[in-house]
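All remarks here apply to the structure that follows.
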Amino acid sequence: MVLLRELDGAKDYPLVIHHVGSDWERQVRAHYTRADGTLNINGYYSEMFGFTVNSSDFESGSNDRDSDSSENDSDCVIISSVMNVAPCQLHPNSWAFLKAFQVACEGLDVVPTIGVFFCFFHVKNVSPHSLISISSQPNKGRFSLYASNFKNYRDTFVRFRCGEGFPELMFDASGNRLFPFYWSSSPRLIKGTRTSTLNEYERLAVSTLSRFQVFSSVELISREDKPQSLGEYMAQQRVALVMKARAQRAKAERTAASADVMSRLVVEESGVKNTKRKNLEEYGRVPVEIPKKRKRPCFPSNPEARKGKKNNLSANLFTKDFDSFALVDDGFQKYARTSSLSDLTFEDLRQAAMDHHIQGAMLTYYLSNRQELESIDFRNKMESADTSLSALEKEFIAAKCKFEEDLAAVKPEQEEKVKAAVKAKDDEVVALKEKVKTLEGELTEEKTKAKTQQEEASLNVEALTARIERLEIEGASQFDDGFRFTMDQVKVAFPDVDAVKLGELDSVNQIVDGKNFPYVPPPSE
598 MVLLRELDGA KDYPLVIHHV GSDWERQVRA HYTRADGTLN INGYYSEMFG
648 FTVNSSDFES GSNDRDSDSS ENDSDCVIIS SVMNVAPCQL HPNSWAFLKA
698 FQVACEGLDV VPTIGVFFCF FHVKNVSPHS LISISSQPNK GRFSLYASNF
748 KNYRDTFVRF RCGEGFPELM FDASGNRLFP FYWSSSPRLI KGTRTSTLNE
798 YERLAVSTLS RFQVFSSVEL ISREDKPQSL GEYMAQQRVA LVMKARAQRA
848 KAERTAASAD VMSRLVVEES GVKNTKRKNL EEYGRVPVEI PKKRKRPCFP
898 SNPEARKGKK NNLSANLFTK DFDSFALVDD GFQKYARTSS LSDLTFEDLR
948 QAAMDHHIQG AMLTYYLSNR QELESIDFRN KMESADTSLS ALEKEFIAAK
998 CKFEEDLAAV KPEQEEKVKA AVKAKDDEVV ALKEKVKTLE GELTEEKTKA
1048 KTQQEEASLN VEALTARIER LEIEGASQFD DGFRFTMDQV KVAFPDVDAV
1098 KLGELDSVNQ IVDGKNFPYV PPPSE
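This is the structure in structure tokens:
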């Protein structure tokens, strides 16, 4: 879940974080546990962390309303490990749902918990490469979308950091992260809350929130740091809830008033027995004059009935040629008009009533017979469909068996072909490898031989170069010695020659324009 807190005024933040389950934590929990078993959230977190919060899931410090929302440098957004997601993985509307739920619970003085939140929301999708969206439960949505479209929010919407001296808000005592700092590859797909695990307070909170109409996330978030405005908005929601309850009650009363009262009562159809005939007019019945008794046949309008036709019809009831509809229609047509009923005797009226009962019984019989025939026909169609389906299943099984047999017959041959092709390729690869190995050996030998020849040639070149240099030096020495010997001979042959002049002569001197000049080496030398 989410913890939204600004740390500007948190001077009393504890220097030591006590882990859940430690002796200190158990003592604090026991101290702030009420008689009914519920935990005093405010006192517990104030003692544990040094600041007041509203719940174990959505927590907001008392200084949240004291700072401007534009001071983003002091905001710290902490994601709990419940959903195992980084802040940047949540869609902006999901953040809005979380904050709107928190503000609504503050306005209603309800402690928000994970169980209560996921009674109204669920994680819509979980993908390691897309944003995580929190959506309303089907038919349980109580908060509207903050915005139908967000643009350019991924770079600016979420920013979180811990203030100086408060690393415990992002790391535990061991240095482990309290929530993913980067994109998580394994977010949790939370589909809802097991209602059987909710305590009595949480069930009451869910029931309270379920009665309200849809809250506007924009209105709630805009009133987060405006207690008076938030109170007015929640008062409007309570008024809307009361009006909704009144409308439902009025609708129920109108439905009850318009319902048929007699349909809700048990009334005996026969009425009161032994009632005098003179009281019939009080009930709105039409009086019918009953003539005196006289001997009349059962079928007064049919003269042939006097000659025993009734007995003949009665005798034919059990024959295969008996037409029941003709008999019933004949008896009904005799007394179809109410004007002729006043001329009938008691026996004739009783006979007419019996004829109508017989007609109803026969119609009921033929109706049931028709229904049975239709059910038989439907059953036959079902059997035919089952037979066709069975035939199709048999054909499918046969085709499947044939396909499997063909596949089994073709598979070994294809496997052999594949094995042969693979073996040929393997042999070709082995041959190529051997050839490559041979060529590599030959190339190595040629390379070694060429290197040896190169070394020998280098040695020969060095030897020849040294010999040439030696010969050049020897030739120059011999030339210089010969020149000196010649000068000595000149001195012997011409003793009058100036010795100084002869001393200036050298084998390397140059003669330019009839004059002797000493050797001058070039500037490069």
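The working numbering puts the sequence shown at residues 598 to 1122. Don't be surprised by glycine CBs; every beta carbon is placed ideally from N, CA and C. Keep in mind that this is a model prediction, so the values were computed, not measured.
Cβ distance (whole Å) where residue i is taken to contact residue j below 8 Å
i: E799; j: V713; result: 5 Å
i: P689; j: F747; result: 5 Å
i: S814; j: F694; result: 7 Å
i: I729; j: P684; result: With 8 Å as the limit, I729 and P684 do not qualify as a contact, their Cβ atoms being about 11 Å apart.
i: L786; j: V720; result: 5 Å
i: V700; j: I818; result: 6 Å
i: V707; j: A802; result: 5 Å
i: F809; j: L827; result: Contact flag wrong, Cβ pair sits at about 14 Å.
i: L1099; j: V1087; result: 7 Å
Which of helix, strand or coil DSSP assigns to residue i
i: S741; result: coil
i: L695; result: helix
i: T1128; result: The question about residue 1128 has no answer here: the residues shown for the chain are numbered 598 through 1122.
i: N1113; result: strand
i: F812; result: strand
i: N722; result: strand
i: K788; result: coil
i: L1029; result: helix
i: S782; result: coil
i: E1076; result: The question names Glu, but residue 1076 in the sequence shown is Phe. Reduced to three states, the DSSP call for F1076 is helix.
i: Y880; result: Model confidence at Y880 stands at a pLDDT of 42, short of 50, so the residue's coordinates are unreliable; what they give is reported in the following sentence. Reduced to three states, the DSSP call for Y880 is helix.
i: P824; result: helix
i: L795; result: coil
i: F747; result: coil
i: S619; result: coil
i: D945; result: helix
i: D974; result: helix
i: E761; result: coil
i: P1009; result: helix
i: T710; result: coil
i: M680; result: coil
i: Q734; result: coil
Beta-bridge pairing of residue i - partner residues as DSSP gives them
i: R1128; result: Residue coverage of the chain in this structure runs from 598 to 1122, which leaves residue 1128 outside it and unanswerable.
i: L687; result: I729
i: T630; result: L636
Buried versus exposed call for residue i [16 or more other C-beta atoms within 10 Å across all chains shown]
i: P725; result: exposed
i: V811; result: exposed
i: V1109; result: exposed
i: R739; result: buried
i: R820; result: buried
i: E703; result: buried
i: S741; result: buried
i: Q1011; result: exposed
i: P709; result: buried
i: G731; result: Just to set this straight, residue 731 is Ile in the shown sequence, not Gly. It counts as buried.
i: M840; result: exposed
i: S781; result: buried
i: W621; result: exposed
i: Y1116; result: exposed
i: K1044; result: exposed
i: S745; result: exposed
i: T790; result: buried
i: Y743; result: buried
i: F717; result: buried
i: E886; result: For E886, the predicted model reports a pLDDT of 46, less than 50, meaning its position is unreliable and no value from the coordinates is stated.
i: L960; result: exposed
i: Q834; result: buried
i: A949; result: buried
i: V682; result: buried
i: F1091; result: exposed
i: L806; result: buried
i: K696; result: buried
i: D974; result: exposed
i: F768; result: exposed
i: M979; result: exposed
i: Q624; result: exposed
beta-carbon residue i near the ligand MG non-hydrogen atom, thresh 7 Å
i: E1101; result: Looking at this structure, you won't find the ligand MG or any other ligand, since it has none at all.
>> Suppose only complete runs of 3+ residues qualify. What are the beta strand (DSSP E) ranges in the stretch 1080 to 1108, listed by chain order?
In response: none
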